[in-house]
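In my numbering, the protein residues as written are 84 to 765.
Each residue gets a CB set at the ideal place from its N, CA and C atoms; glycine is no exception.
Here the structure is a predicted model, which is why all the values come from computation and not from measurement.
Heads up, the thing below is written out as structure tokens.
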Amino acid sequence: FKIIIVYLQDQNCINIPVHPLMTKKTLLALLAFAIMNTSNAMAQEMTWSPTATRFSLWSPSADSVKVNIYAEGLGGNPLQTIILRKETTAEKWVGTLQGDYKGRFYTFQVKHKGTWLAENPGIDAKAVGVNGQRGAIIDMRETDPEGWAADRSPAFTGQKDAVIYEMHHRDFSIDPQSGIKNKGKFIALTEHGTHNADGLATGIDHLKELGITHVHLLPSYDYGSIDETTGNAYGGGGRVASTYNWGYDPVNYNTPEGSYSTDAYKPETRIREFKQMVMALHKAGIRVIMDVVYNHVFDLQRSSFERMAPGYFFRYNADGTPGHASGCGNETASETEKVREYMVESVAYWMREYHVDGFRFDLMGIHDIETMNLIRQRVLSIDPNAVIYGEGWAASSPLLPAEQLAMKANTARLGGIAAFGDEMRDGLRGGWSNNDEGAFIIGNGGNEESVKFGIVGAIAHPGVDFTKVNYSKEPWAAQPQEMISYVSCHDDMCLADRIKHTLTHKDGKADKQTRMRLQKLTETAVLTSQGVPFIWCGDEIMRDKKGVHNSFSSPDSINQIPWAQKTEYKEVFDYIARLVSMRKSHPAFRMGDADMVRRNLKFLPVKQQNVIAWKIDGREAGDTWSEIIIILNSNSKAVKQAVPKGRYNVVCSNGKADMNGLGEVNSSKVVVPGQTALIMYR
84 FKIIIVYLQD
94 QNCINIPVHP
104 LMTKKTLLAL
114 LAFAIMNTSN
124 AMAQEMTWSP
134 TATRFSLWSP
144 SADSVKVNIY
154 AEGLGGNPLQ
164 TIILRKETTA
174 EKWVGTLQGD
184 YKGRFYTFQV
194 KHKGTWLAEN
204 PGIDAKAVGV
214 NGQRGAIIDM
224 RETDPEGWAA
234 DRSPAFTGQK
244 DAVIYEMHHR
254 DFSIDPQSGI
264 KNKGKFIALT
274 EHGTHNADGL
284 ATGIDHLKEL
294 GITHVHLLPS
304 YDYGSIDETT
314 GNAYGGGGRV
324 ASTYNWGYDP
334 VNYNTPEGSY
344 STDAYKPETR
354 IREFKQMVMA
364 LHKAGIRVIM
374 DVVYNHVFDL
384 QRSSFERMAP
394 GYFFRYNADG
404 TPGHASGCGN
414 ETASETEKVR
424 EYMVESVAYW
434 MREYHVDGFR
444 FDLMGIHDIE
454 TMNLIRQRVL
464 SIDPNAVIYG
474 EGWAASSPLL
484 PAEQLAMKAN
494 TARLGGIAAF
504 GDEMRDGLRG
514 GWSNNDEGAF
524 IIGNGGNEES
534 VKFGIVGAIA
544 HPGVDFTKVN
554 YSKEPWAAQP
564 QEMISYVSCH
574 DDMCLADRIK
584 HTLTHKDGKA
594 DKQTRMRLQK
604 LTETAVLTSQ
614 GVPFIWCGDE
624 IMRDKKGVHN
634 SFSSPDSINQ
644 IPWAQKTEYK
654 EVFDYIARLV
664 SMRKSHPAFR
674 MGDADMVRRN
684 LKFLPVKQQN
694 VIAWKIDGRE
704 AGDTWSEIII
714 ILNSNSKAVK
724 QAVPKGRYNV
734 VCSNGKADMN
744 GLGEVNSSKV
754 VVPGQTALIM
764 YR
């Protein structure tokens with residue numbers, strides 16, 4: 084055997100064993116493969132080995148760059164400082180610290196236009212100390228929990244088959260009645276056998292019982308609004324009473340948040356515990372979606388991006404002020420080479436290192452289409468069945484032409500990346516900006532076409548009158564799985580609050596039984612939509628947030644899932660769980676092909692408002708239910724609805740759902756009780 088050593092510009096070495104009979108073509112293929120697979124290592128700002136730690140920083144406008152080494156992640160003076168040298172062609176600064184420095188911490192410092200900027204851990208830090216102010220020198224393999232090498236994502240066939248559950252770490256486990264030991268932590272999701280006071284499953288066992296395929300975790304990277312030394316939120320000029328935040332204020336994108344770990348001071352702990360959580364969910368048959376917020380940073384001036392390359396990573400107005408499309412004082416410039424490269428490599432890193440199975444992009448409409456397509460290509464090259472979706476809007480107008488942006492209207496140009504369908508959401512429960520406004524589910528007529536828009540998955544369909552759809556007067560999805568079907572999520576009133584509020588505003592009445600009927604009816608629309616269904620955590624047990632619309636900084640008493648309500652609203656939970664099972668068992672509800680939906684889903688004529696009826700021929704989708712009838716009646720009284728004459732098996736009626744059957748109907752007309760759904764098949 085011979086060895087070829089390729090000495091690269093940035094001083095990485097690739098050692099390739101070469102057989103004497105190897106062809107030139109094979110040799111070149113091996114070389115290309117080796118370079119590709121070390122490209123991520125070449126991009127790292129810190130590379131540790133037992134004999135040396137190598138540092139690298141891209142900073143094209145720097146006069147000089149140095150690295151400070153510390154004993155701790157916070158406080159103290161530098162143990163030593165090394166000056167990096169510039170590689171002119173690569174605009175990189177590199178240097179090596181001889182010896183084993185594992186367990187130490189580091190910061191970069193850039194001299195720009197004669198002034199030393201503040202220290203920072205670099206934009207690519209993979210491990211950080213408490214509060215993320217310094218990078219940590221660790222051996223990443225020591226963060227792998229036992230069995231991590233054997234961890235595999237659960238079998239899954241594609242985005243059309245997903246049932247997504249959005250969840251905040253603290254919400255999910257902090258309630259004293261959760262029965263969970265590690266409340267508010269990543270590893271809360273590793274605890275089995277937890278239950279409420281009445282013995283009903285909570286935590287990960289609850290998720291398994293519900294039957295969802297994916298958990299969507301609210302931001303889990305290192306973010307800035309929580310002081311990890313105390314667990315309290317930062318506020319104004321000091322701390323506030325809340326210990327809560329959703330995490331949409333990024334600091335270090337490539338390392339987990341410390342407040343969700345059991346020890347924020349130990350860099351390895353947050354990494355290991357995140358992996359333990361992922362592994363536990365995978366073993367439970369649940370894939371993991373990560374909420375990512377690449378559209379803005381917590382604080383532009385204090386961000387590592389600005390401290391390494393001032394003025395490069397963000398968009399600016401003509402007067403030099405930062406863009407404000409995020410509503411947070413800055414917007415990243417995804418169209419630039421390095422921001423685009425950073426986003427693509429970051430998602431790939433979370434997939435490789437943490438085994439994440441998909442991504443939800445916050446304010447995706449701020450990003451450009453080309454970058455999102457490159458992300459899609461990279462993600463699907465790692466896992467062809469990964470799920471990708473985002474908010475197809477921005478908080479205000481981005482500083483990039485609309486035709487270049489990943490807005491909802493441009494979804495068909497995103498190659499399968501999905502967007503949230505707010506047409507269906509607000510058609511069901513009323514507009515986002517007006518809490519008093521009700522819609523279909525409380526019997527306010529005129530919203531049927533907006534709901535039907537969501538039922539077909541935002542595709543072109545002859546049964547939808549697009550002139551009457553609330554926001555979009557034309558379809559925006561090429562395929563139904565490109566629309567996320569939902570009615571509530573973290574940044575709004577949860578469904579139970581919205582129903583109660585709009586009922587009270589309408590006629591002053593909001594009794595418990597009515598609210599339960601409408602909760603079930605609404606989730607029926609979501610779970611029978613051809614789009615991808617999405618449930619906000621706790622909606623399945625009628626979780627409420629005391630009417631708070633925007634609870635990002637509210638205390639636990641507002642945000643926690645009250646697990647006692649699983650007992651109180653067990654029939655709602657059972658109903659939703661059975662609908663989830665029904666959807667997963669019957670491909671007619673998730674055809675995944677626009678032409679198939681147009682051929683096989685037909686809306687039935689109705690004689691009054693607040694009734695939507697449709698039939699699905701399930702045979703082309705391979706369903707054992709040859710014809711399915713779904714009727715939603717949000718009127719307070721029963722309605723009679725004409726259907727194709729025949730004998731049907733009823734599987735959902737009058738607030739009950741059971742795939743084993745609830746009886747038979749042999750008629751051309753059916754009666755649907757008020758504020759309920761009917762599903763039957765033949």
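When the alpha-carbon of residue 520 is set against those of 506, 197 and 585, the nearest one is in 585.
Among the bridge pairs identified by DSSP, residue 333 is matched with 306. By alpha-carbon distance to residue 509, the top candidate from 402, 605, 132 and 267 is 605. For residue 723, same chain residues with a beta-carbon under 6 Å away, outside a window of 5 residues either side, are 752 and 754 in chain order. Within its own chain, the residues whose Cβ lies closer than 6 Å to the Cβ of residue 546, once the five positions on either side in sequence are excluded, are 686, listed in chain order. A distance below 8 Å separates the beta carbons of residue 634 and residue 641. Less than 8 Å divides the Cβ of residue 207 from the Cβ of residue 128. Contact annotation: the stretch 289-308 touches the stretch 328-345, with at least three C-beta pairs closer than 8 Å. Where residue 610 is concerned, the enclosing alpha helix (DSSP H) starts and stops at 595-610.
For a cut-off of 8 Å, the C-beta gap from residue 448 to residue 406 is around 13 Å, too long to register as a contact. Taking C-beta atoms as the reference points, residue 743 and residue 759 fail to come closer than 8 Å.
Within the same chain, Cβ atoms closer than 6 Å to the Cβ of residue 579 are found at 625 and 627, the five residues on either side in sequence being excluded.
Between residue 327 and residue 636, the C-beta gap is smaller than 8 Å, which places the two residues in contact.
Straight across, the Cα-Cα distance linking residue 532 with residue 715 is about 13 Å.
Residue 180: member of the beta strand (DSSP E) spanning 175-181, first to last residue. About 4 Å separates the beta carbon of residue 441 from that of residue 372, a gap short enough to meet the 8 Å contact definition. In the three-state DSSP reduction, residue 273 falls in the helix class (H, G or I). Inclusion of residue 260 and residue 280 in the CB contact set at 8 Å is warranted, their separation being smaller than that value. Here residue 662 is buried: its Cβ has 16 or more other Cβ atoms, across all protein chains shown, within 10 Å.
At a cut-off of 4 residues, the continuous stretches assigned as alpha helix (DSSP H) that sit fully inside the stretch 403-439 are 420-437. Within the same chain, 247, 567 and 569 come within 6 Å of residue 617 by CB-CB distance, once the 5 residues on both sides are set aside.
Counting C-beta pairs with one atom in each stretch, the stretch 728-737 and the stretch 690-700 have fewer than three that are closer than 8 Å, which means they do not touch. At a cut-off of 4 residues, the continuous stretches assigned as alpha helix (DSSP H) that sit fully inside the stretch 217-268 are 252-256. Secondary structure of residue 456 (DSSP, three-state): helix. Restricting attention to 431, 286 and 254, the CA atom closest to the CA of residue 577 is found in 254.
A buried status is given to residue 242, since no fewer than 16 other beta-carbon atoms sit within 10 Å of its beta-carbon. Contact annotation, residue 700 with residue 683: C-beta distance approximately 4 Å; criterion of less than 8 Å satisfied. Listed as beta-bridge partners of residue 441 by DSSP are 372 and 470.
Proximity of the stretch 215-225 to the stretch 591-603 falls short of the contact definition, fewer than three beta-carbon pairs being nearer than 8 Å.
In terms of Cβ geometry, residue 297 and residue 245 form a close pair [threshold 8 Å]. Distances from the CA of residue 361 to each of 396, 270 and 390 were compared; the closest alpha carbon is that of 270. For residue 352, the secondary structure class from DSSP, reduced to helix, strand or coil, is helix.
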